[in-house]
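K.L.:
Got a structure here, written out as C-alpha cells. Questions coming.
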Amino acid sequence: MPRAKSKVVRTSLAKAPTGIQGLDEVTGGGLPKGRVTLVCGSAGCGKSLLAMEFLVHGAVRYGEPGVCMDFEETEEKLRANVASLGFDLRELAKRKKLLVDYVAVERHEIAETGEYNLEGLFIRLSYAVKAIKAKRVVLDSIEALFSGLADSTILRAELRRLFHWLEDHKLTAVVTGEAGEHTLTRHGLEEYIADCVIALDHRVTEQISTRRLRIVKYRGTSHGTDEYLFLIDREGISVVPLTSLALTHKALIDRVSTGIPALDEMMEGKGFFRGSSVLVSGTAGTGKSSLAANFASAACARGETCLYFAFEESPSQILRNMRSVGLDLEQWVKKRLLHFHAMRPTSIGLEGHLAAIHKLIAKLRPNVVVIDPITNLVSAAGTYDVKSMLMRLVDFLKVEQITSMFTNLTFAGDPQERTAAAVSSLMDTWIVLRDSKPNGRRRRELYVLKSRGMAHSREPRELIVSKRGLELGSMLTDHRPATTVAGSGAVAATK
Amino acid sequence: MKKSSTRKRRPAESAGSDFWRLRLYIAGQTPNSIAAIDNLKKICEDKLRGKYRIEVVDLLEKPQLAKGDQIIAIPTLVRRLPPPVKKIIGNLSKTESVIVGLDLQPVR
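Protein chains in written order, with this note's numbering: chain A, 1 to 495; chain B, 1001 to 1108.
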C-alpha cells in the first residue's frame, strides 16, 4: 500500500475495535492495531468465534476488509458458522470485504525431502490480502502446522517470520492457539506474541457452564488481571465488563414514583431516587410481583422504558395475574415501553444469567429494570461469590442511572432477611412484605426497612390487594413499635 | 498463458499409468528452488527416463495457483500422474525420501 510510506512514530497505541460487545471496553478500544494478538484456550472455548467476529465486524462496521486463513474448517463449514451469526460470507467475499482461504495440512501426504520454507503460505496470504486490500487477518489455528510438518525448527523460524511479515504490512491479526497442559498454548505460540494475549476458558461445574476471558498481556495498555465473564449466544460473544467498583457514580436527586401513591407518601411523598436499587423481600403470596408490576407500570406511564426479567412466570401469566389486580400491563407492551424477558434459572447459571441480563440492558437501555425474583438467580449461583456478582450488576445499573427493583422470596419461619442479607447492603431501599395474623385475620403488611438518603416512614402498613389495585391501609403502630430493627422483629411477627 | 516450465518431452505422453506428470512449485530462483529442479531432473532421468514430464510453477508469477494444490511449503513437488496424487516437500536432496515419497519403482 502506498500509504505506508510515511513512517510516523506514534506514541499512543492505536486500536482496532473488535465490535464484540464488552471486549472493546475491557481492552480500552480493541486489539492493538497493526499487531498480532494471540487468542488461546481449550477446544470449544470460543476462540474461533472471537476471531471470526473480529474479522466480520471489521469488514462490515469499520471498513477494514479481512482475510481468514483457516487451518481447521473448510470454507463451507465456516460459512455455515458465520451464517448462524447473521452474516453471509459469500456476499462479503463478493463485495471484497472478507476472504477465506482454507489451508489443508495433512501429514500423511507430506514427505520431507530436504530444506524448505513456508513461502507458499506467505504467497497465499499476501495474494488474498492484496486482492481485497485487507487490514485484518485471522490465522485459525496455525498450530495445525505443527501436526503436519515434522521439522519444528523450520516451522518455528517461519512462524516468527510470518508474525513479523504481518506487522511489516501493518495488518491487525488474530492468531488462535489450543491450550497446553502447562503453557498457554500447546506449542508455545505465546513466545512469539509480544503485544497482546487473551485467554478464554470454559468450565462446566455441576452442569453449570461458565465462560471467562482473561487478558494475559497487553503491551502499552493498562488492563486488569480480572477474569471477565462472557456469553455466547445467537448474536455471538458478549463480554461483561467490570464497572468501576470505586463508587464514583453520581447520585441523582430526582425521584420516581413507586407506582403506589400511598407508598410514595411513605417516602417523603416522592418515591425512590432515580438510579437507586430497591429490594422487595417477602414470603410467598405477599404481593412482591404486584408491587414490582406497579413500579414498572408507573415508569411506562411516565413514558420511560422498562425491562422486566421474569424468572418464575411467563410474560402472559404475569399479564393475566396483573389484570386481576386492576393493572393493565399489556398497553405498555404494545407501546414497546415494557419489555419482558423470561428465563429459567437452570443450565447457564448465575454468571450466564448476569451476562445475559447485562447484554439485554446494554441493548435496550431501559430507564427501569425489574428482576423478579432474584432468589432464583441466587439459587443458580455457581462457583463465583453471589454477592460480588450481584454487586457488579447493581453497580452497572447505577452507573447507567437505571432505577432497579429486585424481588426476593423469603420463607416463613426463616429469619426473613437471611437470603436478603447477602444483597441488602447493595440496595438503597429495602421494602419488606409479610403475612401476619394479629387477631386471627390474615393480612399482608408492608414496611420500608431502609431507604438511604431520605426521611422515610418506618410504620408498617397493611397492604391491600384487590381488583382496584394495590393500596395501603392505616398505620399499624399499635402492633409494631416504630423503632424496630429488621431481623428480630420479623421473627417475632411470625410466632 | 505461458507456463514457466521445463519439459522433457517424449512421444508416449498418452501411455496411461506408466506416464509420470510431476509439478514442482517454487517461489523465485532461490537456492532451494534451483537445487530442487536439479535434484528432480537427476532422479527422473535415473528412474523414469522417457516417461515423465516436469512442470515448474513459480508462485511469485502465479500466486493464484497455490490454493488449488494446497501449497504451504516451498519447494513442493506434486505427483499428478499416476494416481493417487502425492505431495512431497523440500529441496529433494534426500534422494531416498524422494523415491519413497513419490513411490518410484525402479526402472525395468
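Glycine included, every Cβ here is placed at the ideal spot set by N, Cα and C. Owing to the predicted nature of the structure, the values given are computational and were not obtained by experimental measurement.
I want to see whether chain B comes within less than 8 angstroms of V103 (chain A), judged by CB atoms only; does it?
P.N.:
For the purposes of this step, residue 103 (chain A) is identified with residue 103 of the first sequence, where counting begins at 1. So yes, V103 (chain A) belongs to the interface.
K.L.:
Applying a beta-carbon distance threshold of less than 8 angstroms, which residues of chain A neighbour G1068 (chain B)?
P.N.:
Within the second sequence, residue 1068 (chain B) is the residue found at index 68, counting from 1. Simply none; closest approach about 11 angstroms.
K.L.:
Based on the DSSP output, what are the partners of D226 (chain A) in its beta bridges?
P.N.:
As a working note, residue 226 (chain A) is residue 226 in the first sequence. Beta-bridge pairing links D226 (chain A) to no other residue.
K.L.:
Quick check on L245 (chain A): buried or exposed, where buried means 16 or more other Cβ atoms within 10 Å of its Cβ?
P.N.:
Position 245 of the first sequence, counted from the start, is the residue given in the question as residue 245 (chain A). Residue confidence for L245 (chain A) is low, a pLDDT of 47 falling below 50, so the modelled location carries little weight and cannot support an answer.
K.L.:
Curious, which full-length alpha helix (DSSP H) runs of at least 4 residues does the segment 94–129 of chain A contain?
P.N.:
Complete alpha helix (DSSP H) runs here, min 4: none at all.
K.L.:
How would you write the range of the beta strand (DSSP E) that L139 (chain A) sits in, first residue to last?
P.N.:
Taking the first residue of the first sequence as position 1, residue 139 (chain A) is located at position 139. Its beta strand (DSSP E) spans residues 136–140.
K.L.:
Name the chain B residues whose beta carbon is nearer than 8 angstroms to that of N117 (chain A)?
P.N.:
Walking along the first sequence from the start, residue 117 (chain A) turns up at place 117. Within 8 angstroms Cβ-Cβ: N1032, A1073, I1074.
K.L.:
Can you tell me where the beta strand (DSSP E) with F54 (chain A) in it begins and where it stops?
P.N.:
For this step, residue 54 (chain A) is matched to residue 54 along the first sequence. No beta strand (DSSP E) contains F54 (chain A), which is instead part of the alpha helix (DSSP H) from 47–60.
K.L.:
Compute the distance between the beta-carbons of A342 (chain A) and P315 (chain A), then report whether it is under 8 angstroms.
P.N.:
As a first step, residue 342 (chain A) must be located in the first sequence, where it is residue number 342. As a first step, residue 315 (chain A) must be located in the first sequence, where it is residue number 315. In this structure, P315 (chain A) lies closer than 8 angstroms to A342 (chain A) by Cβ.
K.L.:
Going by beta carbon distance, what residues of the same chain come within less than 6 angstroms of F146 (chain A), once the five residues before and after it are set aside?
P.N.:
In the first sequence, residue 146 (chain A) corresponds to position 146, counting from 1. Once the five neighbours on either side are set aside, the close Cβ partners of F146 (chain A) are H187.
K.L.:
For M427 (chain A), which of helix, strand or coil comes out of DSSP?
P.N.:
Walking along the first sequence from the start, residue 427 (chain A) turns up at place 427. If DSSP states are grouped into helix, strand and coil, M427 (chain A) belongs with coil.
K.L.:
Between the alpha carbons of R161 (chain A) and Q1029 (chain B), how many angstroms are there, rounded?
P.N.:
In the first sequence, residue 161 (chain A) corresponds to position 161, counting from 1. In the second sequence, residue 1029 (chain B) corresponds to position 29, counting from 1. Answer to the nearest angstrom: the Cα atoms are 20 angstroms apart.
K.L.:
In its own chain, which residues sit with a C-beta less than 6 angstroms from the C-beta of M427 (chain A), not counting the 5 before and 5 after it?
P.N.:
Residue mapping note: residue 427 (chain A) aligns to position 427 of the first sequence, counting from 1. Once the five neighbours on either side are set aside, the close Cβ partners of M427 (chain A) are S277, L279.
K.L.:
Quick one: grab the DSSP three-state call for E1096 (chain B).
P.N.:
Start at 1 with the first residue of the second sequence, and residue 1096 (chain B) comes out as number 96. Reduced to three states, the DSSP call for E1096 (chain B) is helix.
K.L.:
Please classify Q21 (chain A) as buried or exposed, where buried requires at least 16 other C-beta atoms within 10 Å of its C-beta.
P.N.:
Residue numbering aside, residue 21 (chain A) sits at position 21 when the first sequence is read from its first letter. Its Cβ being crowded by 16 or more others within 10 Å, Q21 (chain A) is buried.
K.L.:
Just the Cα atoms here: how many angstroms apart are G1101 (chain B) and R1021 (chain B)?
P.N.:
As a first step, residue 1101 (chain B) must be located in the second sequence, where it is residue number 101. As a first step, residue 1021 (chain B) must be located in the second sequence, where it is residue number 21. C-alpha separation (whole angstroms): 15 angstroms.
K.L.:
With burial defined as no fewer than 16 other Cβ atoms inside 10 Å of the residue's Cβ, what is the status of A284 (chain A): buried or exposed?
P.N.:
Along the first sequence, read from residue 1 onward, the residue named residue 284 (chain A) stands at position 284. When all chains shown are included, A284 (chain A) counts as exposed.
K.L.:
CB E53 (chain A) to CB T27 (chain A), shorter than 8 angstroms?
P.N.:
To locate residue 53 (chain A), count along the first sequence from 1; it is residue 53. To locate residue 27 (chain A), count along the first sequence from 1; it is residue 27. No.
K.L.:
Measuring CB atoms only, is the segment 1041–1049 of chain B touching the segment 108–126 of chain A, in the sense that at least three cross pairs come out at less than 8 angstroms?
P.N.:
Not touching, per the Cβ criterion.
K.L.:
With 16 other CB atoms within 10 Å as the buried threshold, where does D328 (chain A) fall?
P.N.:
Here the question's residue 328 (chain A) lines up with position 328 in the first sequence. D328 (chain A) comes out exposed.
K.L.:
Between which two residues does the beta strand (DSSP E) holding A310 (chain A) run?
P.N.:
Here residue 310 (chain A) is taken as the residue at index 310 of the first sequence, counted from 1. A310 (chain A) -> beta strand (DSSP E) spans 306–310.
K.L.:
Would you be able to state if there are at least three C-beta pairs under 8 angstroms between the segment 35–49 of chain A and the segment 194–201 of chain A?
P.N.:
Yes: at least three Cβ pairs fall under 8 angstroms.
K.L.:
Taking C-beta pairs closer than 9 angstroms, name the residues in chain A that I1057 (chain B) reaches, listed in chain order.
P.N.:
Translated into positions along the second sequence, residue 1057 (chain B) becomes position 57. Here the sequence assigns Val to residue 1057 (chain B), which means Ile is not the residue at that position. Those within 9 angstroms of V1057 (chain B) in chain A number zero; the least Cβ separation is about 11 angstroms.
K.L.:
Using the three-state DSSP reduction, which class does T383 (chain A) fall into: helix, strand or coil?
P.N.:
Along the first sequence, one-based indexing puts residue 383 (chain A) at 383. For T383 (chain A), the pLDDT reaches just 42, beneath the cut-off of 50, and the residue's location in the model is therefore unreliable, leaving the point undetermined.
K.L.:
I'd like the span of the beta strand (DSSP E) that includes K1086 (chain B), first residue to last.
P.N.:
Numbered from its first residue, the second sequence carries residue 1086 (chain B) at position 86. 1086–1089 is the extent of the beta strand (DSSP E) around K1086 (chain B).
K.L.:
Determine contact between the segment 167–174 of chain A and the segment 92–107 of chain A, defined as no fewer than three beta-carbon pairs at a distance below 8 angstroms.
P.N.:
Result no; under three Cβ-Cβ pairs closer than 8 angstroms.
K.L.:
Taking the alpha carbon of F71 (chain A) as the point to measure from, which residue in A:S141, A:L49, A:R336, A:V82 has its own alpha carbon closest?
P.N.:
Walking along the first sequence from the start, residue 71 (chain A) turns up at place 71. Nearest of A:S141, A:L49, A:R336, A:V82 to F71 (chain A), Cα basis: A:S141.
K.L.:
Using 8 angstroms for Cβ pairs, my map puts V256 (chain A) next to F230 (chain A). What's the rounded Cβ distance?
P.N.:
In the first sequence, residue 256 (chain A) corresponds to position 256, counting from 1. In the first sequence, residue 230 (chain A) corresponds to position 230, counting from 1. 32 angstroms between Cβ atoms; not a contact.
K.L.:
Go ahead and pull the three-state DSSP assignment for V240 (chain A).
P.N.:
Position 240 of the first sequence, counted from the start, is the residue given in the question as residue 240 (chain A). Here V240 (chain A) sits in coil by DSSP.
K.L.:
Of the residues that make up the segment 72–85 of chain A, which ones have a beta carbon closer than 9 angstroms to any beta carbon in chain B?
P.N.:
Result list empty, no residue passes.
K.L.:
Taking the C-alpha atoms as reference points, what is the distance between S1004 (chain B) and L118 (chain A)?
P.N.:
If you number the second sequence from 1, residue 1004 (chain B) lands on position 4. If you number the first sequence from 1, residue 118 (chain A) lands on position 118. Because the pLDDT of S1004 (chain B) is 47, which lies under 50, any placement of that residue in the model is unreliable, and the question is left without a value.
K.L.:
What residue range is occupied by the uninterrupted alpha helix (DSSP H) comprising R156 (chain A)?
P.N.:
Indexing the first sequence from 1 puts residue 156 (chain A) at position 156. First-last of the alpha helix (DSSP H) with R156 (chain A): 152–168.
K.L.:
Is G303 (chain A) buried or exposed, if buried means 16 or more other CB atoms sit within 10 Å of its CB?
P.N.:
Translated into positions along the first sequence, residue 303 (chain A) becomes position 303. Answer is exposed; the Cβ neighbour count stays below 16.
K.L.:
May I have the straight-line CA-CA distance separating A128 (chain A) from A134 (chain A), to the nearest angstrom?
P.N.:
Here residue 128 (chain A) refers to the residue found at position 128 when the first sequence is read from its first residue. Here residue 134 (chain A) refers to the residue found at position 134 when the first sequence is read from its first residue. Between A128 (chain A) and A134 (chain A), the C-alpha separation is close to 8 angstroms.
K.L.:
Could you tell me the boundaries of the beta strand (DSSP E) in which F437 (chain A) lies?
P.N.:
In the first sequence, the residue the question calls residue 437 (chain A) occupies position 437. It is worth fixing the name first, because residue 437 (chain A) is Lys in this sequence and not Phe. Looking at the DSSP string, K437 (chain A) is not in any beta strand (DSSP E), and its letter there is neither H nor E.
K.L.:
Buried or exposed: where does H182 (chain A) fall if 16 or more other Cβ atoms within 10 Å of its Cβ makes it buried?
P.N.:
On the first sequence, residue 182 (chain A) is found 182 positions in, with the first residue counted as 1. When all chains shown are included, H182 (chain A) counts as exposed.
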